[in-house]
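Numbering (the numbering used here), first residue to last: 48 to 163.
Note that CB positions come from ideal geometry on N, CA and C, so glycine has one too.
Accompanying notes for the structure given below.
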Amino acid sequence: MTSGERWTVYPLLFFALGLAFRAAALPDANFTTATIEGLDATRLVCREIVVAAEDGTILVHIGRVMDGGGGRIEVKDSRGVDAIAIGTGATGRDGSLGFFDDNGKPSGHIGAEAAD
48 MTSGERWTVY PLLFFALGLA FRAAALPDAN FTTATIEGLD ATRLVCREIV VAAEDGTILV
108 HIGRVMDGGG GRIEVKDSRG VDAIAIGTGA TGRDGSLGFF DDNGKPSGHI GAEAAD
């Protein structure tokens with residue numbers, strides 16, 4: 048084998064081995080669920096954040112207002128029933144603070160629109 052052939056064959060061999068190793072060692076870029084113990088980030092960009100108890104009960108939900116409004120934060124009790132909500136209305140820009148009774152029914156609000 049000449050020197051020129053070596054300069055062609057060996058780089059191609061290592062390139063092929065690298066591609067094969069990468070495909071076998073690294074998972075796909077699209078994750079459905081990732082479980083980690085901690086996250087330290089300067090910036091986090093997402094569409095929704097849900098804080099759940101160990102039994103799966105949703106305690107805090109941060110996301111978009113239903114029917115396409117702005118942002119909304121919902122804090123729930125230990126049973127997963129709405130306790131308080133902060134957000135914008137579905138159609139307006141005005142913010143509001145909504146309060147809920149023990150059954151999760153709206154009991155009052157502060158602001159132009161109810162946060163329900």
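Euclidean distance between Cα positions of residue i and residue j
{"i": "Ala67", "j": "Phe61", "result": "10 Å"}
{"i": "His156", "j": "Thr89", "result": "34 Å"}
{"i": "Thr49", "j": "Ala63", "result": "21 Å"}
{"i": "Asp102", "j": "Thr138", "result": "35 Å"}
{"i": "Phe55", "j": "Leu91", "result": "Just to set this straight, residue 55 is Thr in the shown sequence, not Phe. Whole-angstrom Cα-Cα distance: 45 Å."}
{"i": "Gly51", "j": "Leu59", "result": "13 Å"}
{"i": "Ala72", "j": "Thr80", "result": "18 Å"}
{"i": "Glu84", "j": "Pro153", "result": "36 Å"}
{"i": "Cys93", "j": "Asp87", "result": "15 Å"}
{"i": "Gly65", "j": "Thr82", "result": "28 Å"}
{"i": "Arg140", "j": "Arg69", "result": "48 Å"}
Cβ separation of residue i and residue j, assumed to be a contact under 8 Å, to the nearest whole Å
{"i": "Phe142", "j": "Gly158", "result": "It should be noted that the sequence gives Gly, not Phe, for residue 142. Correct: roughly 6 Å between the Cβ atoms."}
Close-in-space but distant-in-sequence residues of the same chain around residue i (CB under 7 Å, 5 per side omitted)
{"i": "Asp129", "result": "Glu121, Lys123, Phe147, Gly151"}
{"i": "Ala161", "result": "Annotation note: pLDDT 48 at Ala161 (below 50); position unreliable, coordinate value reported separately. Only Ser143, Gly145, Pro153 meet the Cβ criterion."}
Test item: CB-CB of residue i and residue j under 8 Å
{"i": "Gly127", "j": "Ile96", "result": "no"}
{"i": "Ala132", "j": "Arg119", "result": "yes"}
{"i": "Val112", "j": "Gly134", "result": "yes"}
First and last residue of the uninterrupted beta strand (DSSP E) at residue i
{"i": "Leu86", "result": "That residue, Leu86, is in no beta strand (DSSP E); it is neither H nor E in DSSP."}
{"i": "Arg111", "result": "105-111"}
{"i": "Val122", "result": "118-123"}
{"i": "Val98", "result": "96-99"}
{"i": "Thr135", "result": "129-135"}
Close-in-space but distant-in-sequence residues of the same chain around residue i (CB under 6 Å, 5 per side omitted)
{"i": "His3", "result": "Only positions 48 to 163 of the chain appear in this structure, which leaves residue 3 out of reach."}
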